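2 protein chains.
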Amino acid sequence: MSGDKGDVRPLGIFDSGMGGLTVMRAVRRALPQERIIYLGDTARLPYGTKSADTVTRYALQAAEHLVARDVKAILVACNTASANALPALARAFDPLPIIGVVEPGAEAAVAATRSGNIAVIATEGTVRGGAYRAAIHARMPYAKVTEIACPLFVALAEEGLTQGEIVRLVASRYLDPVFGAGDARPDTLVLGCTHFPVLAEAIQQAAGKDVTLVDSAETAAADLARVLAARGLLSKGPAESPQFLATDAAARFARIGQLFLFAPINEDQVTLVDLSA
Amino acid sequence: MSGDKGDVRPLGIFDSGMGGLTVMRAVRRALPQERIIYLGDTARLPYGTKSADTVTRYALQAAEHLVARDVKAILVACNTASANALPALARAFDPLPIIGVVEPGAEAAVAATRSGNIAVIATEGTVRGGAYRAAIHARMPYAKVTEIACPLFVALAEEGLTQGEIVRLVASRYLDPVFGAGDARPDTLVLGCTHFPVLAEAIQQAAGKDVTLVDSAETAAADLARVLAARGLLSKGPAESPQFLATDAAARFARIGQLFLFAPINEDQVTLVDLSA
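Each protein sequence line maps, in turn, to chains W and V.
By this note's numbering, the letter at position 261 of the first sequence is numbered 251, and the numbering carries on one by one without gaps.
By this note's numbering, the letter at position 268 of the second sequence is numbered 258, and the numbering carries on one by one without gaps.
As structure tokens, then:
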């Protein structure tokens, strides 16, 4: 760390798999001079169907691994882990800055809504915890919040199946019961899973053109930039290539990861690590 | 163990999650007098997207846990684990009988085909290993084997979405390239994932009425019965209720499990266990 270069230690970003790369993309735009270590816990994905205790245990192990690599801050780029594990992570690694995606998503939703009627689509694990509902109500106590678990969206996104009739029908299946309701329709829809931005077009179509889609990636990246600046942790560059870590199946990480990063990833850029060791 | 009652030790069945309950159902029909312990590794499901090394490690831990509960035989009711981990399991627990679902599935396919043109639908992890291809060729060297990875079927089955337009379109997406081929069409289709039998109707429709669907559950149960009889390990009853173990999310195990078992499961019948301890 030198005065000239700022704090050149890397940023750690982790997710259960590859979906968090949509958040990494936003971080690279917001903080192009920062070095990033991205960790995908692909040996145990998905987190979205697992209990709060298990998700918390996995998240603590992931953060521990990043801390051992001397990261200066951690972005939890997974809604399920953010919704279930953020307090435990903050306690375990205090004073390291640890930022989740749920609070930034709630902030963006509250900024976007005019009617106070907000829908959130997410995994089962995120919906179960009610973290989005709590985070929105903390900012807007009278808001009406409808949470919808959409597990098939995760499978579609991972298969790269982001357009066409199947996606349209699945989106209708999840969204019609809430957005077909006339006057009671939400005006804002939070994409509460990092996999979902790649399905944004189909989701927008099913929800209706007048509904504002909110993606926590941009807001989370802005939050991270603000925290780094406030604590004097910004790097002045130069930019370095990101490093990808995965707990399993490097080839699959690279192949599917590029769908979410919107940039090529080579298998040999991905290092396998063991979090249980 | 008494001469009168036969060998009353339980049978162990394990799977990454709930799909193996389709196999347990066949075992209960074939061996109604046996006590069954079913273990679903729900904290780490699915296995189908993970590497051979990781699947093998998880399978060894699951089998270790069942052995500690004094099982007299183990049925690996997961195609991905059978395809990747069976040799390692057999070595580790010799002489305990350990039976997988791939060999019985291959046997059933070879018995069913007339043309020798066989298709197998499975997870990515099963297709990658080529275990079905090898097991079919060992019995029928000239067979033409086409393996198709169908990851969305797993998500659809777990959501209980087994009929209707979405399922029909997904089945067409996977099967039309192989079964739309005129003279070169396979006459036999192996359901190479324990999740798939609940989608059999849609799969049959997409493949064509003239195609024979093969499900390894029945053949695997018959194999198990034969091995138990040969080694003098059969119980003479009386039947006892099965015991369900899961590594995470007992409520979800019970809710989704009954889709595969075709019988009710109460959350309080499911005991949480930790395989990594």
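C-beta atoms are modelled at their ideal positions from N, C-alpha and C, and glycine is treated no differently.
The structure displayed is predicted, hence computed values, not measured ones.
So for residue i, helix, strand or coil by DSSP?
i	result
Q233 (chain V)	strand
S162 (chain W)	helix
N107 (chain W)	strand
M(-9) (chain W)	Confidence at M(-9) (chain W) is low in this model, with a pLDDT of 46, below 50, so the placement of that residue is unreliable and no value is reported for it.
V(-2) (chain W)	coil
G30 (chain V)	strand
L56 (chain W)	helix
V61 (chain V)	coil
F4 (chain W)	strand
L50 (chain V)	helix
I88 (chain W)	strand
L151 (chain W)	coil
T70 (chain V)	helix
T39 (chain V)	coil
V263 (chain W)	coil
Within 10 angstroms of the Cβ of residue i, are there 16 or more other Cβ atoms? Answer buried if so, exposed if not.
i	result
G222 (chain W)	exposed
S41 (chain V)	buried
E257 (chain V)	exposed
F252 (chain W)	exposed
P87 (chain V)	buried
E24 (chain W)	buried
S225 (chain V)	buried
S(-8) (chain V)	For S(-8) (chain V), the predicted model reports a pLDDT of 48, less than 50, meaning its position is unreliable; a value from the coordinates is still stated below. It counts as exposed.
A33 (chain W)	buried
S231 (chain V)	exposed
D238 (chain V)	buried
R81 (chain V)	exposed
A220 (chain V)	exposed
P131 (chain W)	exposed
R118 (chain W)	buried
G182 (chain W)	buried
G247 (chain V)	buried
H30 (chain V)	The sequence shown places Gly at residue 30 (chain V), rather than the His named in the question. Buried, by the Cβ-count rule.
P85 (chain W)	exposed
A71 (chain V)	buried
P22 (chain W)	exposed
P254 (chain V)	exposed
A139 (chain V)	buried
A109 (chain V)	buried
A58 (chain W)	exposed
To the nearest whole angstrom, what separates the beta carbons of residue i and residue j, a pair I think is in contact under 8 Å?
i	j	result
A197 (chain V)	L165 (chain V)	5 Å
V100 (chain V)	A67 (chain V)	At roughly 21 Å, the Cβ-Cβ gap does not stay under 8 Å, so V100 (chain V) and A67 (chain V) are not in contact.
A112 (chain V)	N69 (chain V)	6 Å
A161 (chain V)	A192 (chain V)	5 Å
G10 (chain W)	T184 (chain W)	5 Å
G106 (chain W)	A133 (chain W)	5 Å
F243 (chain V)	M14 (chain V)	Their Cβ separation, rounded to whole angstroms, is 13 Å, which puts F243 (chain V) and M14 (chain V) out of contact at 8 Å.
L265 (chain V)	A240 (chain V)	In fact, because the Cβ distance is near 15 Å, the residues do not count as touching under 8 Å.
G154 (chain V)	V61 (chain V)	Rounded, the Cβ-Cβ distance is 39 Å, inconsistent with contact.
V260 (chain W)	F234 (chain W)	4 Å
G115 (chain V)	T39 (chain V)	6 Å
A270 (chain W)	A212 (chain W)	The structure shown has nothing for residue 270 (chain W), since chain W only spans -9 to 267.
R158 (chain W)	Q195 (chain W)	7 Å
T152 (chain V)	V180 (chain V)	So it is not a contact: roughly 19 Å between Cβ atoms.
A121 (chain W)	L79 (chain W)	In fact, because the Cβ distance is near 13 Å, the residues do not count as touching under 8 Å.
S6 (chain W)	Y28 (chain W)	With 8 Å as the limit, S6 (chain W) and Y28 (chain W) do not qualify as a contact, their Cβ atoms being about 12 Å apart.
E149 (chain V)	P141 (chain W)	6 Å
V217 (chain W)	I89 (chain W)	6 Å
Hey, is residue i close to the ligand ZN, as in C-beta under 7 Å from one of its heavy atoms?
i	result
V61 (chain W)	For the ligand ZN, the structure offers nothing, since it holds no ligand at all.
Practice task
Evaluate the contact criterion for the segment 80 to 99 of chain V versus the segment 120 to 137 of chain V: three or more CB pairs, one atom per stretch, below 8 Å.
Solution key: These segments touch.
Practice task
Check whether the segment 51 to 63 of chain V touches the segment 72 to 90 of chain V, taking contact to mean three or more Cβ pairs, one atom from each stretch, closer than 8 Å.
Solution key: Touching, yes, given that three or more Cβ pairs across the two stretches are closer than 8 Å.
Practice task
Tell me the start and end of each unbroken alpha helix (DSSP H) in the segment 158 to 223 of chain V that is at least 4 residues and wholly inside, in chain order.
Solution key: Segments of the alpha helix (DSSP H) lying fully in the segment 158 to 223 of chain V: 190 to 197 and 206 to 220.
Exercise for the section: Assess, as a yes-or-no matter, whether the segment 173 to 183 of chain W is touched by the segment 167 to 181 of chain V under the definition of 3 or more beta carbon pairs within less than 8 Å. Expected result: These segments do not touch.
Handout entry: Whole alpha helix (DSSP H) elements within the segment 90 to 140 of chain W, 4-residue minimum
Key = For the segment 90 to 140 of chain W, whole alpha helix (DSSP H) runs of length 4 or above, ordered along the chain, are 92 to 102, 114 to 119 and 121 to 129.
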